[in-house]
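Chains C and Z, in that order, are what the protein sequence lines are. The opening residue of the first sequence carries number 1 in full-length UniProt numbering; numbering runs sequentially from there. The opening residue of the second sequence carries number 1 in full-length UniProt numbering; numbering runs sequentially from there. See structure below.
Number of protein chains: 2
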Amino acid sequence: MKQYCVDNGSFKLEDYHPGDTNGFNGGKEAALKELEHLGERLSSLQNLLYAEKRHKLLVVLQALDAGGKDGTIRVVFDRVNPTGVKVANFGVPSEEERAHDYLWRIHQRAPAKGEMVIFNRSHYEDVLVARVRKLVPKEVWQQRYRHIREFERMLSDEGCTILKFFLYVSKDEQKKRLQERLDDPEKRWKFRKGDLEDRALWKEYMQAYQDAIRETSTDYAPWYVIPADHNWFRNWLVSKIIVETLEGLKMEFPQPEENLEGIKIK
Amino acid sequence: MKQYCVDNGSFKLEDYHPGDTNGFNGGKEAALKELEHLGERLSSLQNLLYAEKRHKLLVVLQALDAGGKDGTIRVVFDRVNPTGVKVANFGVPSEEERAHDYLWRIHQRAPAKGEMVIFNRSHYEDVLVARVRKLVPKEVWQQRYRHIREFERMLSDEGCTILKFFLYVSKDEQKKRLQERLDDPEKRWKFRKGDLEDRALWKEYMQAYQDAIRETSTDYAPWYVIPADHNWFRNWLVSKIIVETLEGLKMEFPQPEENLEGIKIK
């Protein structure tokens, strides 16, 4: 997994390739099969996380439009128990949210002990779209890198495991997917004209992603760049990283009450 | 005001005196008169803050039991409009609050634009009572100083003005006030037996306050040590600091709509 984890300050997006599938030893069929197993393991681990109520897991998903955030959530978290898993979607902030600092709405959705929370977009929008669309001056978005590092450090110190995924698709793949959205009556509702404006700012977004990832990938809250042109590889890689991270927590079921042995229910 | 503001890393509590009233030039009568004027100015400034909706004000009040937090709130914020002023009381955390990081419940109550929020106790309890009562290990409370500095830096960068007041009473004055609570049937409800346990830990609390104030007094979120044995001096000093801080913001009423001049309401 290490090759997809950003662990240094000289990170360049160009060292990664949206179409890359080298991390998996085998083809699509084999990956889908392994994905099945990973889904079962994730389901067990989530049950354990919920039962133990000691750890918290935060998964941050970022991508451009049609980058596959919704699809990743649907496939990777297919079998988990929704009681202990929450998806937090961060769209355009409401008036009340804009009246507070940008981390206000984010912090409210941070996981409690035993919970797994998936951020579909996140506080990173405040250094991505806010920068590219010039919603705030440079001085403002620049000082946010530090806020974010320190916010995530606090969450981590207080028992939260954090994984951040940038789903990296190529400009060609986005073109294909946006066209599909337009052409398919069941997908057309997802298409916004703003998607085209953002697409025209592709270079600026790539620069903003590169800087944000470089500035905020830490040992306690690492970024992973996920090659995402191939859905099967994307889903396999994200699942694999989450499963291996949870296994590293060495969780255990709580001790049952004493003297339960031999009890027959009448 | 400067003599009560903690602005360096060599801060010692013993350099301050709970019975001190030197900051005011005159006696109690004169102070009460000036407090009247300060109350009116604060009321106007709060109205302006609310109208302009550009700034946020956070006032943190910390003190030992019977230190005068409730009294300060009642007197200082006597004339403000409750629409724009909120008091957030932080008691023993609920089960849901304990399942999250300790700043989770705090951040939710942070002020919005145009608001003035008063924290009656705060996140500082997590490096005070949590330390003295050994609710968490030393490694945990020690790393919180940094979290708190960075949390307050973020609030400040995003437009929040922060004032932190430690209401400093002497051990003798606390004795007098707790005895009064016990003896007065209308005040007895405020007395908890735990107050006596905390009183027995006076020295430990003073050490914890000194360290917390030293570690977290910054230019963007300064601590003020308020000599609080004399209520009149405490109220005057807190009012004075808040009023002068708000005046420093150079607030202005929003521009009214155009062409309102000469309109006669029929």
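From the three backbone atoms N, C-alpha and C, an ideal C-beta is built for every residue, glycine too. On a predicted model such as this, the values are computed, not experimentally measured, just so you know.
Whole beta strand (DSSP E) runs in the segment 160 to 213 of chain C with 3 or more residues, listed along the chain?
As far as the segment 160 to 213 of chain C is concerned, its whole beta strand (DSSP E) runs of at least 3 residues are 160 to 168.
Who are Phe119(Z)'s beta bridge partners in DSSP?
DSSP lists Val60(Z), Ala88(Z) as partners of Phe119(Z).
Beta-carbon proximity list for Tyr168(C), same chain, < 7 Å, skipping 5 on both sides:
In the same chain as Tyr168(C), and ignoring 5 residues on each side of it, the C-beta atoms closer than 7 Å to its own belong to Tyr16, Pro18, Val225, Ile226, Pro227, Ala228, in chain order.
What whole-angstrom Cβ distance do Leu155(C) and Phe119(C) have, given they're in contact under 8 Å?
For Leu155(C) against Phe119(C), the beta-carbon gap comes to about 12 Å, at or over 8 Å, which does not count as contact.
Indicate the three-state DSSP secondary structure (helix, strand or coil) for Tyr224(Z) in the structure shown.
Under the three-state reduction of DSSP output, Tyr224(Z) falls in the strand class.
Determine the closest residue to residue 276(Z) out of Tyr205(Z), Gly67(Z), Gln255(Z), Val59(Z), with distance taken between C-alpha atoms.
Within the shown structure, residues of chain Z are numbered from 1 to 266, placing residue 276(Z) beyond reach of any answer.
Local Cβ density within 10 Å of Phe165(C), reported as buried at 16 or more and exposed below that:
It is buried - the Cβ of Phe165(C) has at least 16 other Cβ atoms within 10 Å.
Exposed unless 16 or more other CB atoms sit within 10 angstroms - verdict on Gly248(Z)
Its Cβ having fewer than 16 others within 10 Å, Gly248(Z) is exposed.
Can you pull the chain Z neighbours of Lys113(C), defined as C-beta to C-beta under 9 Å?
Those are Arg98, Ala99, His100, listed as they occur along chain Z.
His107(C) versus chain Z: which residues are under 8 Å apart at the beta carbon?
Residues of chain Z whose Cβ lies closer than 8 Å to the Cβ of His107(C) are, in chain order, Leu103, Trp104, His107, Gln108.
Compare the C-beta of Leu155(Z) against all C-beta atoms of chain C and say whether one is closer than 8 Å.
Yes, because at least one Cβ of chain C sits closer than 8 Å to the Cβ of Leu155(Z).
Quick one: measure Cβ to Cβ for Gly84(Z) and Tyr50(Z), integer angstroms, because I've assumed they're closer than 8 Å.
At roughly 4 Å, the Cβ-Cβ gap stays under 8 Å, so Gly84(Z) and Tyr50(Z) are in contact.
Excluding sequence positions up to five away, which residues of its chain have a Cβ less than 8 Å from the Cβ of Arg54(C)?
The residues are Lys113, Gly114, Gly159, Met251.
Counting only C-beta atoms, is Gln143(Z) closer than 8 Å to chain B at any point?
Judged by its chain identifiers, the structure shown contains no chain B, and its protein chains are C and Z.
Contacts that His123(Z) makes with chain C (C-beta to C-beta distance below 7 Å)
Per Cβ cutoff of 7 Å: no residues; His123(Z) is ~11 Å from chain C at best.
Is Phe253(C) buried or exposed, if buried means 16 or more other CB atoms sit within 10 Å of its CB?
The residue is exposed, with fewer than 16 neighbouring Cβ atoms inside 10 Å.
Answer yes or no: does any C-beta atom of chain C fall closer than 8 Å to that of Glu150(Z)?
At least one chain C Cβ lies under 8 Å of Glu150(Z).
Could you tell me if Trp189(C) is buried or exposed, where buried requires 16 or more neighbouring beta carbons within 10 angstroms of its beta carbon?
Exposed is the call here.
Going along chain Z in order, which residues have a C-beta closer than 7 Å to the C-beta of His17(C)?
Per Cβ cutoff of 7 Å: no residues; His17(C) is ~35 Å from chain Z at best.
Which value, in whole angstroms, describes the spacing of the CA atoms of Trp202(C) and Glu95(Z)?
Spanning the two alpha carbons is a distance of roughly 45 Å.
Look up Val238(C) in the DSSP assignment and say whether it is helix, strand or coil.
In the structure shown, Val238(C) adopts helical secondary structure according to DSSP, grouped into three states.
Tell me whether His147(C) is buried or exposed, calling it buried when 16 or more other Cβ atoms sit within 10 Å of its Cβ.
Residue environment: His147(C) is assigned as buried (16 or more neighbouring CB atoms within 10 Å of its CB, all protein chains considered).
Which residue's Cα is closest to the Cα of Leu237(C): Phe11(C), Phe24(C), Val127(C), Gly9(C)?
When each option's Cα is compared against that of Leu237(C), the closest is Phe24(C).
For His230(C), which residues of its own chain have a beta-carbon under 6 Å away from its beta-carbon, when the five flanking residues on both sides are left out?
Once the five neighbours on either side are set aside, the close Cβ partners of His230(C) are Thr21.
Whole-angstrom C-beta distance between Arg41(C) and Phe90(C), which should lie under 8 Å
28 Å between Cβ atoms; not a contact.
Quick one: which chain Z residues come within Cβ less than 8 Å of His55(C)?
Taking a Cβ-Cβ threshold of 8 Å, none of the residues of chain Z is close to His55(C); the smallest such distance is about 12 Å.
Return yes when the Cβ of Ala208(Z) is within less than 8 Å of the Cβ of Val132(Z), no when it is not.
Taking 8 Å as the Cβ cut-off, Val132(Z) and Ala208(Z) qualify as a contacting pair.
For His100(C), count the other beta carbons within 10 Å of its own beta carbon; 16 or more makes it buried, fewer makes it exposed. Which is it?
By the Cβ neighbour-count rule, His100(C) is buried, with 16 or more other Cβ atoms within 10 Å of its own.
Under the three-state DSSP convention, the category residue 279(Z) falls into:
There is no way to answer for residue 279(Z), as the model of chain Z reaches only from 1 to 266.
What did DSSP end up calling Val6(C) once you bin it into helix, strand or coil?
DSSP, read as helix, strand or coil, puts Val6(C) in strand.
Any Cβ of chain C within less than 8 Å of the Cβ of Glu158(Z)?
Taking Cβ atoms only, chain C reaches closer than 8 Å to Glu158(Z), which makes this a yes.
Candidates Pro256(Z), Glu215(Z), Phe233(Z): which alpha carbon is nearest Asn8(Z)'s?
Out of Pro256(Z), Glu215(Z), Phe233(Z), Glu215(Z) has the C-alpha closest to the C-alpha of Asn8(Z).
Taking buried to mean at least 16 other C-beta atoms within 10 Å of its own C-beta, is Glu29(C) buried or exposed?
So Glu29(C) counts as exposed.
For Met206(C), which residues in the same chain have their Cβ closer than 8 Å to its Cβ, ignoring the five residues on either side in sequence?
Once the five neighbours on either side are set aside, the close Cβ partners of Met206(C) are Leu13.
6 Å CB neighbourhood of Arg105(C) in its chain, flanking five on each side removed:
Excluding five sequence positions before and after Arg105(C), the CB atoms of its chain that fall closer than 6 Å to its own CB belong to Glu97, given in chain order.
Under the assumption that Thr72(Z) contacts Asn259(Z) (Cβ atoms under 8 Å), give the Cβ distance between them as a whole number of angstroms.
Actually they do not touch by this definition, with Cβ atoms about 46 Å apart.
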